[in-house]
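Asker:
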Amino acid sequence: MNIQNYFNDFTKCMIVFIAFIFIFVFAMFTPENYANYQNEVIFIVLVTVLGLFSIYFSYKNKLKLHNVALVLIIIFGLLMIFFTPPMSFLDESAHFTRAELISEGQLYPEFTDKGIYINDYYFGFQHSYYGTTILDNGSYTNPITDHKGYWDWTTSSPFYSYVFSALGILFAKLLNLTVIWALYLSRMANLMLYAVTAYFMIKIIPKYKMPLLVFATLPLCVAQASSLSYDAFILTFTLVIITYFIKMYLGEVNKKNLAIFFISVLLISLIKQPYIILAFLVFVLHFEDEKLKKISIIALIAMIIVTVLSVGSLFSSLFTTTAIQTYSTGTTENVSFVGQSRFVLSNPLIVFTLFKDMIVSIPDLFLLKANFFHYTGYKGIKLINFMYVLFYLGFSLFYKLDINLKKKERMILALIFLIAYVGIYIIFYLTWSPLGSTTILGVQSRYFLPVIALLPLIINLKSRQIEINELYIFTFIIICLTGLFLLPIAHFY
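Below is the structure:
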């Protein structure tokens with residue numbers, strides 16, 4: 001089947017894009033969302049112009065996918081950075097707290113009975129749940145000060161995942177900018193890390209370029225890369241992992257590529273332990289040098305040990321501090337890793353109930369809450385979530401890949417996907433769900449992104465692959481990213 005004739009020039013794609021703008025506008029229409037319609041009109045015109053430019057740029061650079069990826073990520077990432085209200089990304093206040101501490105030279109937070117002692121210039125940012133934007137809060141133009149206060153909570157994740165966002169804050173301080181620029185520049189540092197990495201990974205990967213571009217420009221990926229979350233770091237190195245896996249699968253197995261691959265996996269695994277399963281991608285590779293194969297197995301075992309030890313006190317002191325773990329007054333009560341483990345061991349049949357919960361929660365996880373806005377009291381609209389999930393699934397199934405794995409290799413990837421999927425649920429059951437719970441709390445769709453990048457390799461239908469014009473794919477990516485941007489615009493402005 002060949003459908004490229006339906007979208008064989010950018011003019012038709014522009015018409016389709018404008019049609020979706022109207023669909024989004026009407027889909028989001030409520031008296032509350034469009035109470036200040038003047039603001040919406042300005043933003044809709046702005047994103048329409050930028051979307052049309054993006055389509056034209058993609059049409060002119062359709063053979064240079066790395067250029068397309070860079071421009072799309074930067075354009076829509078900057079829109080999210082400047083127009084998404086302060087601290088409206090998931091747990092952004094906690095991530096900003098870590099970045100602020102690191103910008104002051106404190107790698108790990110220190111907890112006191114009152115909270116975390118820190119510069120308090122950003123405390124006034126915490127109003128996004130009530131729809132407050134930079135247009136409504138005059139304190140955003142105040143100078144950055146070193147006046148101290150106590151903040152409730154932050155993360156205990158490895159410090160290196162916040163280095164870039166901390167540099168953004170430090171830059172704002174050195175230039176004596178206002179407090180809002182500490183937020184903007186820290187978000188921007190994460191975005192640039194992600195965008196530049198995507199550019200180079202898509203450029204150097206020998207095959208699988210289009211699937212890597214589609215993954216890198218998923219709305220959820222761009223949203224997280226535009227925030228202060230350590231997800232920006234995780235997603236950046238996910239692109240590195242996929243790139244070097246493909247390079248080695250195609251015959252470039254050497255010490256340098258193996259080192260980059262394993263180090264990248266380790267860096268994200270020390271943030272989220274289930275990601276260590278990505279190191280098992282080496283079992284899909286073809287080793288001509290037995291010495292390299294032995295080195296890989298030794299490296300794999302060493303990484304597993306390091307990741308396991310990072311959970312306990314023996315090794316965690318190198319990356320966190322034993323004096324503090326994640327602290328939050330809003331954290332679910334009655335949570336105990338040891339207690340929950342004992343509960344499961346004494347009630348083994350609960351495992352079947354939990355597996356059922358993992359399956360039943362899929363629609364809610366990937367359709368109803370496949371964005372970050374439920375954190376600010378706005379769940380978005382099902383249309384946009386469903387549209388880009390359906391787009392990625394359709395692409396993964398039917399796009400004509402330039403790399404086809406054997407059935408056994410695809411099964412290994414599927415097993416890696418399933419283990420990571422279940423592993424994330426297990427971690428949240430043991431560390432976030434109340435003792436004795438029959439449901440698993442805290443799981444979000446963004447946690448699965450590193451393994452979702454493998455989906456085209458796993459489920460692609462060789463017998464039903466479709467020749468699709470690249471511009472059609474670019475247009476749909478731009479439509480999805482436009483829908484992502486219009487969500488906060490309709491709700492907050």
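Numbering-wise (full-length UniProt numbering), the sequence shown opens with residue 1 and increments by one. In this text, a Cβ means the ideal position worked out from N, Cα and C, and glycines have one as well.
How would you call D9, buried or exposed, if buried means at least 16 neighbouring beta carbons within 10 angstroms?
Answerer: Stepping through the sequence shown from its first residue, residue 9 is reached at position 9. Exposed is the call here.
Asker: State the beta-bridge partners of S118 as determined by DSSP.
Answerer: On the sequence shown, residue 118 is found 118 positions in, with the first residue counted as 1. Going by the sequence as given, residue 118 is Ile instead of Ser. DSSP lists G149 as partners of I118.
Asker: Rank Y447, M188, F343, E288 by C-alpha distance to the C-alpha of S433 and give the top, closest one.
Answerer: Mapped onto the sequence shown, residue 433 falls at position 433. Of Y447, M188, F343, E288, the residue nearest in Cα terms is F343.
Asker: In the region 63-94, which residue ranges form an unbroken alpha helix (DSSP H) of at least 4 residues, counting only runs that do not cross its ends?
Answerer: For the region 63-94, whole alpha helix (DSSP H) runs of length 4 or above, ordered along the chain, are 65-83.
Asker: Tell me, which residues are paired with Y399 by DSSP?
Answerer: The residue you call residue 399 lines up with position 399 of the sequence shown. Partner(s): I466.
Asker: Can you give me the C-alpha to C-alpha distance between L292 and E252, rounded to a whole angstrom?
Answerer: Taking the first residue of the sequence shown as 1, we reach residue 292 at position 292. Taking the first residue of the sequence shown as 1, we reach residue 252 at position 252. If you take the alpha carbons of L292 and E252, they lie about 12 angstroms apart.
Asker: Grouping DSSP H, G and I as helix and E and B as strand, with all else coil, what is P219?
Answerer: As a position in the sequence shown, residue 219 is number 219, starting the count at 1. Looking at P219 - three-state DSSP - the assignment turns out to be helix.
Asker: Rounding to the nearest angstrom, what Cα-Cα distance links I427 and V49 in this structure?
Answerer: Locating residue 427 in the sequence shown gives position 427, where the first residue counts as 1. Locating residue 49 in the sequence shown gives position 49, where the first residue counts as 1. Looking at the two C-alpha atoms, the distance is approximately 44 angstroms.
Asker: So, using beta-carbon positions, are I180 and I489 closer together than 9 angstroms?
Answerer: As a working mapping, residue 180 is identified with position 180 in the sequence shown. As a working mapping, residue 489 is identified with position 489 in the sequence shown. In this structure, I489 does not lie closer than 9 angstroms to I180 by Cβ.
Asker: Compare the C-alpha of residue 494 against each of F395, I473, G77 and name the closest.
Answerer: Residue 494 lies beyond the residue range present for the chain, which begins at 1 and ends at 493; the question has no answer from this structure.
Asker: By the three-class DSSP mapping on this structure, what secondary structure does F111 have?
Answerer: Here residue 111 refers to the residue found at position 111 when the sequence shown is read from its first residue. In the structure shown, F111 sits in a strand (DSSP, three-state: E or B).
Asker: Measure the alpha-carbon distance for residue 548 versus L349 and round it to whole angstroms.
Answerer: With the chain covering 1 to 493 only, the question about residue 548 has no answer from this structure.
Asker: Buried or exposed, going by whether 16 or more other CB atoms sit within 10 Å of the CB of A259?
Answerer: Within the sequence shown, the letter at position 259 stands for residue 259. It is exposed - the Cβ of A259 has fewer than 16 other Cβ atoms within 10 Å.
Asker: Mind checking whether L191 and S226 have CB atoms under 9 angstroms apart?
Answerer: As a first step, residue 191 must be located in the sequence shown, where it is residue number 191. As a first step, residue 226 must be located in the sequence shown, where it is residue number 226. Result yes, Cβ atoms of L191 and S226 sit closer than 9 angstroms.
Asker: Using 10 angstroms around the beta-carbon of N404, count the other beta-carbons present and answer buried if the total reaches 16, otherwise exposed.
Answerer: Sequence index remark: in the sequence shown, residue 404 carries index 404 (1-based). Under this definition N404 is an exposed residue.
Asker: Which two residues bound the contiguous alpha helix (DSSP H) that contains F237?
Answerer: If you number the sequence shown from 1, residue 237 lands on position 237. Start and end: 231-249.
Asker: Under DSSP, the alpha helix (DSSP H) around R187 begins and ends at which residues?
Answerer: In the sequence shown, counting from the first residue as 1, residue 187 sits at position 187. Element bounds for R187: 179-204.
Asker: Less than 6 angstroms between C-beta atoms, sequence neighbours within five positions excluded: which residues of the same chain meet that for H66?
Answerer: The count along the sequence shown starts at 1 and reaches residue 66 at position 66. Y199, I202, K203, listed in sequence order.
Asker: Is I246 buried or exposed, if buried means 16 or more other CB atoms sit within 10 Å of its CB?
Answerer: Counting from one through the sequence shown, the residue named residue 246 turns up at place 246. Looking at its Cβ environment, which holds 16 or more other Cβ atoms inside 10 Å, I246 is buried.
Asker: Is the beta carbon of S58 sitting closer than 9 angstroms to the one on T475?
Answerer: Position 58 of the sequence shown holds residue 58. Position 475 of the sequence shown holds residue 475. For S58 and T475, yes; Cβs fall inside 9 angstroms.
Asker: On the CB-based measure, 16 or more other CB atoms within 10 Å of its CB, does Q38 come out buried or exposed?
Answerer: Residue mapping note: residue 38 aligns to position 38 of the sequence shown, counting from 1. The residue is exposed, with fewer than 16 neighbouring Cβ atoms inside 10 Å.
Asker: Where M188 and S346 are concerned, what is the direct C-alpha to C-alpha distance, given to the nearest angstrom?
Answerer: Numbered from 1 along the sequence shown, position 188 holds the residue referred to as residue 188. Numbered from 1 along the sequence shown, position 346 holds the residue referred to as residue 346. Distance between the alpha carbons of M188 and S346: 48 angstroms.
Asker: Please report how far the alpha carbon of V196 lies from the alpha carbon of I416, in whole angstroms.
Answerer: Locating residue 196 in the sequence shown gives position 196, counting from the first residue. Locating residue 416 in the sequence shown gives position 416, counting from the first residue. So the alpha carbons of these two residues sit roughly 28 angstroms apart.
Asker: Buried or exposed: where does L213 fall if 16 or more other Cβ atoms within 10 Å of its Cβ makes it buried?
Answerer: The count along the sequence shown starts at 1 and reaches residue 213 at position 213. With 16 or more other Cβ atoms within 10 Å, it is buried.
Asker: Between which two residues does the alpha helix (DSSP H) harbouring S264 extend?
Answerer: Here residue 264 refers to the residue found at position 264 when the sequence shown is read from its first residue. It spans 255-269 - the alpha helix (DSSP H) in which S264 sits, taken as one unbroken run.
Asker: Buried or exposed: R98, going by 16 or more other Cβ atoms within 10 Å of its Cβ?
Answerer: Stepping through the sequence shown from its first residue, residue 98 is reached at position 98. It is buried - the Cβ of R98 has at least 16 other Cβ atoms within 10 Å.
Asker: Could you pull out every residue in the same chain whose Cβ sits closer than 8 angstroms to the Cβ of V351, ignoring the five residues on either side in sequence?
Answerer: Here residue 351 is taken as the residue at index 351 of the sequence shown, counted from 1. Contacts found: V344.
Asker: On a CA-only basis, which of L101, G124, F125 is nearest I116? Give me that one, please.
Answerer: Taking the sequence shown and counting its residues from 1, the one referred to as residue 116 is at position 116. The option with the nearest alpha carbon to I116 is L101.
Asker: Could you check how far apart the C-beta atoms of Q465 and F386 are, in whole angstroms? I think they sit under 8 angstroms.
Answerer: For this step, residue 465 is matched to residue 465 along the sequence shown. For this step, residue 386 is matched to residue 386 along the sequence shown. That belief does not hold up - the Cβ atoms of Q465 and F386 are roughly 24 angstroms apart, past 8 angstroms.
Asker: F17 and I478: beta carbons closer than 9 angstroms?
Answerer: Within the sequence shown, numbered from 1, the residue matching residue 17 stands at position 17. Within the sequence shown, numbered from 1, the residue matching residue 478 stands at position 478. Closer than 9 angstroms, so yes.
Asker: Taking buried to mean at least 16 other C-beta atoms within 10 Å of its own C-beta, is Y150 buried or exposed?
Answerer: By 1-based counting over the sequence shown, the position of residue 150 is 150. Label assigned to Y150: exposed.
Asker: Are the Cβ atoms of Q273 and S310 separated by less than 9 angstroms?
Answerer: In the sequence shown, counting from the first residue as 1, residue 273 sits at position 273. In the sequence shown, counting from the first residue as 1, residue 310 sits at position 310. Cβ atoms of Q273 and S310: closer than 9 angstroms.
Asker: Using a 10 Å radius around the Cβ and a threshold of 16 neighbouring Cβ atoms, would you call D91 buried or exposed?
Answerer: Taking the sequence shown and counting its residues from 1, one reaches residue 91 at position 91. Buried is the call here.
Asker: Run through DSSP, which three-state label would P434 get?
Answerer: The count along the sequence shown starts at 1 and reaches residue 434 at position 434. If DSSP states are grouped into helix, strand and coil, P434 belongs with coil.
Asker: For P363, count the other beta carbons within 10 Å of its own beta carbon; 16 or more makes it buried, fewer makes it exposed. Which is it?
Answerer: Reading the sequence shown from its first residue, position 363 is the one you call residue 363. Answer is exposed; the Cβ neighbour count stays below 16.
Asker: Can you tell which of F283, M28, D289 has its C-alpha closest to the C-alpha of C301?
Answerer: In the sequence shown, the residue the question calls residue 301 occupies position 301. First, the amino acid is wrong: residue 301 is Ile here, not Cys. Checked all of F283, M28, D289; the closest Cα to I301 is F283.
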